[in-house]
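Residue numbers (the numbering used here): 56 to 506.
Reviewing the structure listed below.
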Amino acid sequence: MTTRTRILTGITTTGTPHLGNYAGAIRPAILASRDSNADSFYFLADYHALIKCDDPLRIQRSRLEIAATWLAGGLDVDRVTFYRQSDIPEIPELTWLLTCVAAKGLLNRAHAYKASVDKNVETGEDPDAGITMGLYSYPVLMAADILMFNAHKVPVGRDQIQHVEMARDIGQRFNHLFGQGKEFFTMPEALIEESVATLPGLDGRKMSKSYDNTIPLFSSAKEMKDAISRIVTDSRAPGEAKDPDNSHLFTLFQAFATPAQSDEFRSELLQGLGWGEAKNRLFQLLDSELGESRERYHQLIERPADLEDILQLGAKKARAVATPFLHELREAVGLRSFVAQTQVAATTKKKAAKAARFVSFREDDGSFRFRLLAADGEQLLLSRNFADGKTAGQVTKQLQSGQALDVRSEDLSFSVWLEGECVADSPAFADSTARDAAIGALRVALTPVQE
């Protein structure tokens, strides 16, 4: 089976997307999602927004605008998992499980918390004045976002690298305490895109809402033109050579132009193109680049019910991964069903001398399959079809190795997944209690015996 790289990224829902957000995060993420080897998870980080903002209307509006921006920018929700953080109740539950193993000393070193403490000390305030537990525990919530879906790569800015490293530390601690040889959590890596643009704002500083120097992404053409006209330039008159390398107007143009367009614009600036005409060229480029997406954006904003439907479907996809995984983590820490535990214990005691076994066979069409039979002969799993016996054998070996199982409940049955692909299904059970008991029996059957 082909191993796909799982990529996860989120945007905090506290403001209106601007040109810098689009060029620096949204556009490269959408392009990356089209890679056939990528398994992309993109989410609206609205729980994170509560840490930074106490204005409910602003958060609600921002969630709508950011969701519409991703879709207007070309995100294909059939290829990716696109969801709201707050629609996945498993995330706050995992946050608590991780909080219980996260070292306070680790969280004391978080940059955002330290910066707030330092600022209070400088002004003579109590060190923790105005600091909430939300801010202090922010790294644990981010760790839960990442570890819930076992992301391999997490695209972040340099100021967020520490949070990915902390997610690794917390995940490793959980694995050590509760894994018993299994690695529940994949160790994520921060993905720093050196080529991704950090756009300057109207005044030349980094484009940011906090500097009030942004160019709104999907404002009207008139509003965009007015914003561009306020870009600060030097005093060189038309006819005088301009310096493209020290012009943030040229940097903005370059972020959206083809290499040929950039070369032509650079040449014209060196030849004395006036700043007024240069700003008009930038407006024409952006209007051409974003015009179609802008129209789509406003259509989506006017149909919030359609956006809600899309996000609910995304939540369903995300929870198909999160729900069975959290069930596994709950069992690992001891939060187990009494019924399933009793039935599994009784089965294990009665059949201690026997073991579950895999039975391979070949279908009439030449494909290969296997069954997993419990000690009493009950069929726990029936595999999907494999083109050859070698692949079927590799899958059974992976299951027998005792690695963390990706078991996904589906009504009164369940399925087993490896590396993002469904490899086997259970029969339908009479009720959810019987299904959960079978899942428990499956985990016992595939847990290697400790000598």
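We treat Cβ as the ideally placed atom computed from N, Cα and C, and that holds for glycine.
Model, not experiment: these values are computed from the prediction.
- For ARG61, the secondary structure class from DSSP, reduced to helix, strand or coil, is strand.
- As the crow flies, the alpha-carbon of ILE62 is around 44 Å from that of GLN326.
- Taken through DSSP and simplified to helix, strand or coil, VAL471 comes out as strand.
- Three or more Cβ pairs closer than 8 Å define a contact, and the segment 257–275 meets that threshold against the segment 72–80.
- Note: ILE146 is not bridge-paired with any residue in the DSSP secondary-structure output.
- CA-CA distance, ALA496 to PHE311, rounds to 56 Å.
- In this structure, ALA447 sits near ARG424, with a CB-CB distance shorter than 8 Å.
- Exposure of TRP151 is indicated by the presence of fewer than 16 other C-beta atoms within 10 angstroms of its C-beta.
- Taking C-beta atoms under 8 Å as the contact rule, ASP461 and VAL471 qualify, at a distance of about 7 Å.
- ARG463: not part of any alpha helix (DSSP H); member of the beta strand (DSSP E) spanning 461–465, first to last residue.
- Shown here, LYS261 sits in a strand according to DSSP, grouped into three states.
- DSSP, read as helix, strand or coil, puts PHE229 in helix.
- Membership of ASP94 in the beta strand (DSSP E) is indicated by the continuous run 93–100.
- Pairing GLU350 with GLU357, the inter-Cα distance amounts to about 11 Å.
- Rounded to the nearest whole angstrom, the C-alpha separation of GLU278 and HIS353 is 15 Å.
- Between VAL195 and PRO182, the CB-CB gap reaches or exceeds 8 Å.
- Counting C-beta pairs with one atom in each stretch, the segment 84–91 and the segment 102–111 have fewer than three that are closer than 8 Å, which means they do not touch.
- Here DSSP, grouped into helix, strand and coil, assigns ILE66 to strand.
- Judged by pairs of C-beta atoms under 8 Å, the segment 122–139 does not touch the segment 159–168, as fewer than three such pairs exist.
- Across the structure, GLY128 and ASP94 are spaced so that their CA atoms are roughly 19 Å apart.
- Exclusion of the five residues before and after LEU340 leaves PHE308, PHE311, ALA312, GLN316 as the residues of its chain whose Cβ lies within less than 8 Å of its Cβ.
- Within the same chain, PHE425, LEU427, THR451 come within 6 Å of PHE413 by CB-CB distance, once the 5 residues on both sides are set aside.
- Around the beta-carbon of LYS445, fewer than 16 other beta-carbon atoms lie within 10 Å, marking it exposed.
- Using a 10 angstroms sphere on the CB of GLY179, the tally of other CB atoms stays under 16, which defines it as exposed.
- Around the Cβ of GLY160, a 10 Å sphere holds fewer than 16 other Cβ atoms; the residue is exposed.
- At a Cβ-Cβ threshold of 8 Å, ARG285 and ILE247 do not count as neighbours.
- The three-state reading of DSSP puts PHE305 in helix, counting H, G and I together.
- Classified as buried, GLY226 has 16 or more neighbouring CB atoms from the shown chains inside 10 Å of its CB.
- If you look at VAL388, you'll find it in the alpha helix (DSSP H) that goes 359–388.
- Here ILE201 is near VAL209, since their CB atoms are less than 8 Å apart.
- In this structure GLN140 is buried. Its beta-carbon is surrounded by 16 or more other beta-carbon atoms within 10 angstroms.
- In terms of Cβ geometry, ALA199 and LEU232 do not form a close pair [threshold 8 Å].
- The C-alpha of LEU355 is placed about 32 Å away from the C-alpha of LEU190.
- Inclusion of ARG490 and LEU467 in the CB contact set at 8 Å is warranted, their separation being smaller than that value.
- Judged by DSSP secondary structure, THR451 falls within the alpha helix (DSSP H) whose first and last residues are 444–455.
- Within the same chain, ALA100, HIS103, ALA104 come within 6 Å of THR67 by CB-CB distance, once the 5 residues on both sides are set aside.
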